[in-house]
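Numbering (my numbering), first residue to last: 885 to 962. Cβ coordinates follow ideal geometry from the N, Cα and C atoms, glycine included.
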């Protein structure tokens with residue numbers, strides 16, 4: 885089962901553009917964001933983020949998941 889908090893961390897990364905930005909938006913440490921995204925990747929058994937140095941970019945699968953997460957958020961919080 886997917887965990888909303890894991891999706892929320894991926895969504896924050898996508899919207900803020902960096903781990904540190906996502907961490908600030910969620911009021912957590914950047915390591916927490918990285919751990920949640922890694923947990924989500926393990927759960928869906930696919931790479932959602934390309935990591936190159938300090939730069940994180942969404943894969944095609946990551947973009948798809950983020951689209952679903954946005955719709956879920958918008959439906960839940962209107």
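How many angstroms separate the CA atom of residue i from the CA atom of residue j?
| i | j | result |
| --- | --- | --- |
| residue 909 | residue 896 | 7 Å |
| residue 893 | residue 906 | 7 Å |
| residue 947 | residue 922 | 15 Å |
| residue 929 | residue 885 | 13 Å |
| residue 925 | residue 931 | 6 Å |
| residue 955 | residue 941 | 20 Å |
| residue 917 | residue 945 | 18 Å |
Residue i by DSSP, collapsed to three states: which one?
| i | result |
| --- | --- |
| residue 916 | helix |
| residue 942 | strand |
| residue 886 | coil |
| residue 962 | coil |
For a quick check, are the C-beta atoms of residue i and residue j less than 8 Å apart?
| i | j | result |
| --- | --- | --- |
| residue 903 | residue 953 | no |
| residue 943 | residue 950 | no |
| residue 920 | residue 889 | yes |
**Request:** Note down, one range per segment and in chain order, each alpha helix (DSSP H) of at least 4 residues found wholly within the region 893-938.
**Result:** 903-910 and 914-928
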